[in-house]
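A.B. asks: Numbering (our numbering), first residue to last: 11 to 398. Note that CB positions come from ideal geometry on N, CA and C, so glycine has one too. Since this is a predicted model, take the numbers as computed values, not measurements.
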C-alpha cells in the first residue's frame with residue numbers, strides 16, 4: 011500500500027467544503043489503497059474533480075477482480091443518498107402496470123416474500139460496517155427488541171406493498187417518509203462520530219454466539235477461495251484513515267438487494283412456484299421505485315436496468331461479496347442474527363431453531379453445511395425437514 015502526499019491547492023480547498031467532503035475522502039482512499047504506478051505522473055496536480063472522474067473511469071484497472079456489475083458501488087461507498095428526495099416525487103420511468111403486478115406477486119406469495127426478507131437481512135449483516143449502525147442503535151440487540159423492531163419494519167413495508175407511497179397522506183407515503191427520515195438521522199449521527207467512537211459503540215458486551223466456531227468451520231469449506239481485491243469493502247474498512255461512513259448509497263443499495271435477491275435467484279426454494287419472469291421483473295420494478303424514493307440514483311439502484319442485468323448484478327453480489335464475507339462472521343453477526351431469528355418463535359405455531367434458519371439460508375446460496383447439519387438435535391432435524 012502506497013501513501014500519497016497531497017500538496018495541491020485544490021485538494022486543500024476541497025477539505026473545507028462539506029459538499030465535496032466525501033469526494034475528497036474517496037479520492038484519498040483510492041490513492042492510498044492502490045499502487046502509485048497505476049496513476050498518471052502528474053495526477054497530484056489535477057483538481058479533485060478531475061482525479062475523481064479519472065479514477066471512476068479506470069476502476070477496472072484498480073479492481074480487476076471485481077465484476078463490472080459491482081464496480082459502480084465502489085465510489086458510492088462515499089456517496090450520501092439523496093435525503094432531500096420526497097416519495098411523492100414520481101420518476102418518469104415508473105410503470106404503474108408493473109408496479110401493480112409487483113404488488114400482486116406480494117399478495118400471492120405473502121409469507122415467501124417475508125421469509126425472503128429475513129434471509130436477506132442475514133446476508134447483509136455479513137458486511138461489518140453495515141451491521142454497526144444496527145448495533146449502535148440498540149433497538150434490535152436482544153430477542154425482544156428484535157421482535158419489536160423487525161415486526162415494525164415488516165408492517166411499514168407491507169404498507170408500501172399495499173399502497174402507493176407517492177400519494178401524500180397515505181400510510182404508504184408516511185412510512186416511506188419515516189424510513190427516509192430514520193436513514194438521514196442515523197447517517198448524520200454516524201458522521202458526527204470518528205471511527206474509534208463508531209467501533210466502540212458497535213460492540214456487544216456479551217455476544218450470544220454458541221455456534222460461531224461450527225459455522226466458521228463449514229463456511230471455510232463451503233465458500234470458494236477468493237481473489238485479491240475481490241471485496242473492496244474489506245480494503246476500505248482496513249484503511250487507517252478516510253474510511254467510508256455507514257448508511258451510504260452502497261449500504262442502502264445492498265439493503266434494497268436483500269429484499270429481492272432470493273426471490274429472483276431461488277424462487278422455488280421459497281415456495282414461489284408459479285411466478286413468471288414478467289412477475290419477478292415487476293417486483294424488481296416496484297423495488298426500483300422504493301430505492302429511488304429512499305434516495306438512490308439509478309447508478310446505485312440495484313433494480314436499475316433489464317431483468318437479466320438485475321439478476322446478473324445480484325448473482326455477482328452474492329458470489330463475489332456476500333459468500334466470501336461468511337468466512338469471517340463475527341460474534342456480533344451471530345448475536346444479531348439470533349436476535350432476528352429467535353423472535354420468530356414468539357408467533358403462534360412457529361418453531362424455528364437458529365440452526366435450522368442457518369441451514370435454510372445457506373441452502374439458498376447452495377452452500378453445503380455438513381457439520382452444522384450433523385449437530386442438529388432430533389427436534390431441530392424434524393423442524394428442518396418441515397421447513398425445507
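Excluding five sequence neighbours on each side, which residues of the same chain lie with their C-beta closer than 6 angstroms to the C-beta of residue 273?
C.D. replies: 126
A.B. asks: Do residue 394 and residue 377 count as a contact pair if the criterion is CB distance below 7 angstroms?
C.D. replies: no
A.B. asks: Looking at the secondary structure, which residues open and close the alpha helix (DSSP H) in which residue 3 lies?
C.D. replies: A question about residue 3 goes unanswered here, because the residues of the chain that appear run from 11 up to 398.
A.B. asks: Helix, strand or coil for residue 386? Go by DSSP, reduced to three states.
C.D. replies: Reduced to three states, the DSSP call for residue 386 is coil.
A.B. asks: Once you ignore the five residues that flank residue 287 on each side, which residues in its own chain have a CB closer than 7 angstroms to its CB?
C.D. replies: Annotation for residue 287: 317 place their beta carbon closer than 7 angstroms to its own, counting only its chain and skipping 5 residues before and after.
A.B. asks: Looking only at C-alpha atoms, which of 79, 102, 46, 87 sits nearest to residue 72?
C.D. replies: Among 79, 102, 46, 87, the Cα nearest to that of residue 72 is on 46.
A.B. asks: According to DSSP, is residue 19 part of a helix, a strand, or is it coil?
C.D. replies: In this prediction, residue 19 has a pLDDT of 45, which is less than 50 and means its spatial position is unreliable; what the coordinates show is noted afterwards. Helix.
A.B. asks: Whole alpha helix (DSSP H) runs in the segment 54-122 with 4 or more residues, listed along the chain?
C.D. replies: 58-67, 69-72, 78-81, 106-118
A.B. asks: Out of 50, 37, 35, 87, point me to the one whose CA is closest to residue 256's CA.
C.D. replies: 87
A.B. asks: Beta carbon of residue 313, beta carbon of residue 324: below 7 angstroms?
C.D. replies: no
A.B. asks: Check whether the segment 207-218 and the segment 324-336 are in contact - that is, three or more C-beta pairs closer than 8 angstroms.
C.D. replies: Contact fails: fewer than three Cβ-Cβ distances are below 8 angstroms.
A.B. asks: Is residue 103 buried or exposed, if buried means 16 or more other CB atoms sit within 10 Å of its CB?
C.D. replies: Exposed, by the Cβ-count rule.
A.B. asks: Quick check: residue 122 and residue 275, are their CB atoms within less than 7 angstroms of each other?
C.D. replies: no
A.B. asks: Here's the rule I'm using: 16 or more other beta-carbon atoms within 10 Å means buried, otherwise exposed. How should residue 246 be labelled?
C.D. replies: buried
A.B. asks: Mind checking which residues open and close the alpha helix (DSSP H) that includes residue 345?
C.D. replies: Residues 341-351.
A.B. asks: Once the 5 residues before and after residue 98 are set aside, which same chain residues still bring their CB inside 7 angstroms of it?
C.D. replies: 176, 178, 183
A.B. asks: Can you give me the Cβ contacts of residue 237 inside the same chain, cut-off strictly under 8 angstroms, excluding the 5 residues immediately before and after it?
C.D. replies: 75
A.B. asks: Would you identify the three-state DSSP class for residue 286, choosing helix, strand or coil?
C.D. replies: coil
A.B. asks: Please state whether the Cβ-Cβ distance between residue 252 and residue 69 is less than 7 angstroms.
C.D. replies: It is not a contact, given that the beta carbons lie outside the stated cut-off.
A.B. asks: What residue range does the alpha helix (DSSP H) around residue 223 cover?
C.D. replies: Note, residue 223: alpha helix (DSSP H), 222-232.
A.B. asks: What separation, rounded to the nearest whole angstrom, lies between the Cα atoms of residue 11 and residue 244?
C.D. replies: Note that residue 11 scores a pLDDT of 37, beneath 50, so its modelled location is shaky; the value from the coordinates is reported in the next line. Roughly 14 angstroms separates the two Cα atoms.
A.B. asks: Should the segment 156-163 be regarded as contacting the segment 112-121, the criterion being three or more beta carbon pairs within less than 8 angstroms?
C.D. replies: The segment 156-163 vs the segment 112-121: no contact.
A.B. asks: Return yes when the Cβ of residue 315 is within less than 7 angstroms of the Cβ of residue 92, no when it is not.
C.D. replies: No, these two residues do not count as a Cβ contact at 7 angstroms.
A.B. asks: I think residue 386 touches residue 224, with their Cβ atoms under 8 angstroms apart; what is that distance to the nearest whole Å?
C.D. replies: Going by Cβ atoms, the distance from residue 386 to residue 224 rounds to 11 angstroms, so no, they are not a contact pair.
A.B. asks: How would you call residue 156, buried or exposed, if buried means at least 16 neighbouring beta carbons within 10 angstroms?
C.D. replies: buried
A.B. asks: Determine, using beta carbons only, whether residue 254 comes closer than 7 angstroms to chain D.
C.D. replies: Absent from the structure: chain D. Only one protein chain is present.
A.B. asks: Judging by CA-CA distance, which residue of 189, 56, 64, 346 is the nearest neighbour of residue 215?
C.D. replies: 346
A.B. asks: Can you tell which of 341, 397, 392, 365 has its C-alpha closest to the C-alpha of residue 137?
C.D. replies: 341
A.B. asks: Given this structure, state the Cα-to-Cα distance separating residue 258 from residue 301, to the nearest angstrom.
C.D. replies: 13 angstroms
A.B. asks: Following the continuous alpha helix (DSSP H) through residue 182, name the residue where it begins and the one where it ends.
C.D. replies: 181-201
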